[in-house]
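J.:
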Amino acid sequence: MKVLTVVGNRPQFVKAAAVSRMLRERADEVLVHTGQHYDDEMSAVFFAELGVPPPAVELDLGRGSNTEQTARMLSALAPLVDEHAPDRVLVYGDTNSTLAGGLAAAQAGIPVAHVEAGMRSFDRRMPEELNRVLTDHLSDLLLCSSQVPADRLRLEQVTGRVEVVGDVMVDVALLVQPRARADAAPLRDAGVRPGEYVLVTAHRAGNVDDPGRLRRLVDLLLALPLPAVLPLHPRTGARLDAAGWLDELHGAPHIRLTPPLGYLAFTALLTRARAMLTDSGGVQKEAYLAGVPCVTLRDTTEWTETVDAGWNVLVDLDAAAALAALERPVPAERPELYGDGQAGGRVVEALLRPGRSA
Ligand code: UD1
Ligand code: UDP
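Residue numbers for the sequence shown follow numbering that gives the first Met the number 0, so the first one is 0 and each next one is one higher.
(1) Using alpha carbons as the reference points, say which of S145, Q146, R119 lies closest to D135.
(2) Quick one: grab the DSSP three-state call for H83.
(3) Between which two residues does the beta strand (DSSP E) harbouring N206 extend?
(4) Taking the beta carbon of H253 as the centre, do at least 16 other beta carbons fall within 10 Å, making it buried, or is it exposed?
(5) Grab me the residues of D59's own chain with a C-beta within less than 6 Å of its C-beta, minus the 5 sequence neighbours each way, in chain order.
(6) For ligand 1, is there a heavy atom less than 7 Å away from the beta-carbon of V126?
(7) Do you know how far the Cα of D246 is from the Cα of P85?
(8) Quick one: give me the first and last residue of the beta strand (DSSP E) that A201 is part of.
(9) Which same chain residues end up closer than 8 Å to A357 when comparing Cβ atoms and leaving out the 5 residues on each side of it in sequence?
(10) Are the Cβ atoms of E155 and R273 separated by less than 8 Å?
(11) Measure the CB-CB distance between Q176 and T270 and report whether it falls below 8 Å.
(12) Under 8 Å Cβ to Cβ from T303, same chain only, skipping five residues before and after it: list those, please.
(13) Quick check on N8: does DSSP put it in helix, strand or coil?
(14) Should V5 and G117 be called a contact, given that it needs their Cβ atoms to be closer than 8 Å?
(15) Compute the minimum distance between the beta carbon of D93 and the heavy atoms of ligand 4, and state whether it is under 7 Å.
(16) How would you call F121, buried or exposed, if buried means at least 16 neighbouring beta carbons within 10 angstroms?
(17) Let me check one thing: in DSSP terms, what residues is E162 bridge-paired to?
(18) Could you tell me the distance, in whole angstroms, from the CA atom of P126 to the CA atom of L76?
(19) So, helix, strand or coil for A227, using DSSP?
(20) Tell me whether L336 counts as near ligand 2, meaning its Cβ is closer than 7 Å to at least one heavy atom of that ligand.
(21) Relative to ligand 2, is the shortest distance from any of its heavy atoms to the C-beta of S279 smaller than 7 Å?
(22) State whether the segment 249 to 269 contacts the segment 165 to 183, with contact taken as three or more CB pairs (one from each stretch) at a distance under 8 Å.
(23) Using 8 Å for Cβ pairs, my map puts G205 next to R124. What's the rounded Cβ distance?
(24) Considering only the alpha carbon of each residue, which of E40, V29, L263, E128 lies closest to L174?
(25) Taking just the CA atoms, how far does E326 sit from F347?
(26) So, is S74 buried or exposed, given that buried needs 16 or more other C-beta atoms within 10 angstroms?
(27) Just the C-alpha distance for L256 and P226, rounded to the nearest angstrom, thanks.
(28) Please classify A104 as buried or exposed, where buried requires at least 16 other C-beta atoms within 10 Å of its C-beta.
(29) Assuming V359 contacts L198 under a Cβ cut-off of 8 Å, what Cβ separation, rounded to an integer in Å, is found between them?
(30) May I have the straight-line CA-CA distance separating R71 from V191, to the nearest angstrom?
(31) Using a 10 Å radius around the Cβ and a threshold of 16 neighbouring Cβ atoms, would you call Y337 buried or exposed?
(32) Classify V114: buried if its beta carbon has 16 or more other beta carbons within 10 angstroms, exposed otherwise.
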């Protein structure tokens, strides 16, 4: 069997780390990198650190608006799908690379497998929500991180086959977190001590593209009562720079700005943080797994189970609510929510099953 996998963004390299090597023991994989993320610190470092096989095809399709980027990806991926004539196309998550890979395959009549299917924020202003819904409805095999998205997909009457496999990011986090927790160097480099700082990431377009929202984010960061390490996503860095607010953050004595970090350094900082503040999807899960309380800088989340379990609080960009959330006691229980760390193997099994919907 031949599987053509399309990746392009930082979280997808992490997801592929749970699947690609295992898949290659049983099938031929053609890994295509759209180039949506292209800086070494957003891309190459993940391949190197997590042992993701190098892409067979590297495109250069980053930059531009969502529609324009997706259109360029479709134009480039359609001939690649024809050329390689795979038995399945595998896509992860909810980015422009996900939708473009799925649609190019579906148009060519190739069955699509979607990992992390069924996630919803129910906020159609998010480009990711459009990408998720569209990809789910064109997929033949919908592989879910938990029962909640699987039930939802059945309610939405998707035509593909729905399976709960667990979450592939959990596989990687469970492997790496114990090792990362013992690595003191990233904390030393950031000048922080275990349990005495918060780690912050923010890159969601809805938070950083609008100057009014971006200002609220800056004010929230300035109001934090303890050291904050903030690895800057390129979108956020560019918006802060354009607004003239980068120097203000650089000048704040409690804020440590860094470039985007590799997975190992980031995970080391995450596992020893007092709390995680983030608008990332993947990071909400990783904080939960590490037993680190999460304060989510959004008013919706796809990872509702972490909120229900008491480990995650949605504060949007409300500084007072964020400070209050940091004071909350840590829940006593942390049930398994997204599988046992073996999702990658289940993805491979599902892919290899014969038939159109695998
Ligand atoms: C994308 C995804 C988002 C995901 C995020 C992961 C979509 C619609 N959005 O958002 O769902 O959470 O990736 O991080 O697909 N840039 C660089 N260097 C890079 C990558 C990007 O400078 O290596 C710049 C680009 O030029 C662009 C901006 O950052 O102007 C945003 O990049 P883009 O990939 O369009 O969106 P993200 O915000 O990264
Ligand atoms: N991550 C990282 N370095 C950073 C920030 C994030 O390695 O500086 C990792 C993080 O551990 C997670 C993934 O990148 O595995 C999440 O990516 P991102 O937040 O960009 O995307 P999202 O999950 O929001 O789509």
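Note that CB positions come from ideal geometry on N, CA and C, so glycine has one too.
T.: Here's the rundown:
(1) Stepping through the sequence shown from its first residue, residue 135 is reached at position 136. Of the candidates S145, Q146, R119, the one whose C-alpha sits nearest the C-alpha of D135 is R119.
(2) As a working mapping, residue 83 is identified with position 84 in the sequence shown. DSSP places H83 within a helical segment (H, G or I) once states are collapsed to three.
(3) Start at 1 with the first residue of the sequence shown, and residue 206 comes out as number 207. Following the DSSP letters along the chain, one finds N206 in no beta strand (DSSP E) but inside the alpha helix (DSSP H) bounded by residues 204 to 207.
(4) Locating residue 253 in the sequence shown gives position 254, where the first residue counts as 1. Classification for H253: exposed.
(5) As a first step, residue 59 must be located in the sequence shown, where it is residue number 60. G34.
(6) Working through the sequence shown from its first residue, we reach residue 126 at position 127. Looking at the sequence shown, residue 126 is not Val but Pro. It does: the Cβ of P126 is within 7 Å (strictly closer) of some heavy atom of ligand 1.
(7) For the purposes of this step, residue 85 is taken as residue 86 along the sequence shown, with counting starting at 1. For the purposes of this step, residue 246 is taken as residue 247 along the sequence shown, with counting starting at 1. Roughly 50 Å between the two C-alpha positions.
(8) As a position in the sequence shown, residue 201 is number 202, starting the count at 1. Run containing A201: none; DSSP gives neither H nor E here.
(9) For the purposes of this step, residue 357 is taken as the residue at position 358 of the sequence shown. Reliability fails at A357, whose pLDDT of 42 lies under 50, so the model's placement of it is uncertain and no value is given.
(10) On the sequence shown, position 156 is the one that residue 155 refers to. On the sequence shown, position 274 is the one that residue 273 refers to. Judged by beta-carbon spacing, R273 lies beyond the 8 Å limit of E155, meaning their Cβ atoms are not closer than that value.
(11) Taking the sequence shown and counting its residues from 1, one reaches residue 176 at position 177. Taking the sequence shown and counting its residues from 1, one reaches residue 270 at position 271. Cβ distance < 8 Å, so Q176 and T270 count as in contact.
(12) Residue mapping note: residue 303 aligns to position 304 of the sequence shown, counting from 1. Contacts found: V147.
(13) Translated into positions along the sequence shown, residue 8 becomes position 9. Three-state DSSP puts N8 in coil, outside helix and strand.
(14) Counting from 1 along the sequence shown, the entry for residue 5 is found at position 6. Counting from 1 along the sequence shown, the entry for residue 117 is found at position 118. In this structure, V5 sits away from G117, with a CB-CB distance that is not shorter than 8 Å.
(15) Ligand 4 is not part of this structure, which contains only ligand 1 and ligand 2.
(16) As a working note, residue 121 is residue 122 in the sequence shown. By the 10 Å Cβ count, F121 comes out exposed.
(17) In the sequence shown, counting from the first residue as 1, residue 162 sits at position 163. Partner(s): L142.
(18) For the purposes of this step, residue 126 is identified with residue 127 of the sequence shown, where counting begins at 1. For the purposes of this step, residue 76 is identified with residue 77 of the sequence shown, where counting begins at 1. Rounded to the nearest angstrom, the gap between the Cα atoms of P126 and L76 is 20 Å.
(19) Position 228 of the sequence shown holds residue 227. Of the three classes helix, strand and coil, the one that applies to A227 here is strand, per DSSP.
(20) Residue 336 sits at position 337 when you count from the first residue of the sequence shown. No; taking the cut-off as 7 Å, the Cβ of L336 has no heavy atom of ligand 2 nearer than that.
(21) Taking the first residue of the sequence shown as position 1, residue 279 is located at position 280. With a threshold of 7 Å, the Cβ atom of S279 counts as near ligand 2, since some heavy atom of the ligand is closer than that.
(22) These segments touch.
(23) Locating residue 205 in the sequence shown gives position 206, counting from the first residue. Locating residue 124 in the sequence shown gives position 125, counting from the first residue. Contact between G205 and R124 is confirmed by a C-beta separation of about 7 Å, below the 8 Å threshold.
(24) Counted from its first residue, the sequence shown places residue 174 at position 175. Considering only alpha carbons, the answer is L263.
(25) The count along the sequence shown starts at 1 and reaches residue 347 at position 348. The count along the sequence shown starts at 1 and reaches residue 326 at position 327. Inspection of the sequence shows that residue 347 is occupied by Val rather than by Phe. About 42 Å.
(26) Reading the sequence shown from its first residue, position 75 is the one you call residue 74. For S74, the number of other beta carbons within 10 angstroms of its own is below 16, and it is reported as exposed.
(27) Along the sequence shown, read from residue 1 onward, the residue named residue 256 stands at position 257. Along the sequence shown, read from residue 1 onward, the residue named residue 226 stands at position 227. Roughly 11 Å between the two C-alpha positions.
(28) Sequence index remark: in the sequence shown, residue 104 carries index 105 (1-based). By the Cβ neighbour-count rule, A104 is buried, with 16 or more other Cβ atoms within 10 Å of its own.
(29) Examination of residue 359 is not possible in this model, given that the chain is present from 0 through 357 alone.
(30) If you number the sequence shown from 1, residue 71 lands on position 72. If you number the sequence shown from 1, residue 191 lands on position 192. Computed Cα separation, rounded: 43 Å.
(31) Along the sequence shown, one-based indexing puts residue 337 at 338. The residue is buried, with at least 16 neighbouring Cβ atoms inside 10 Å.
(32) Counting from 1 along the sequence shown, the entry for residue 114 is found at position 115. Looking at its Cβ environment, which holds 16 or more other Cβ atoms inside 10 Å, V114 is buried.
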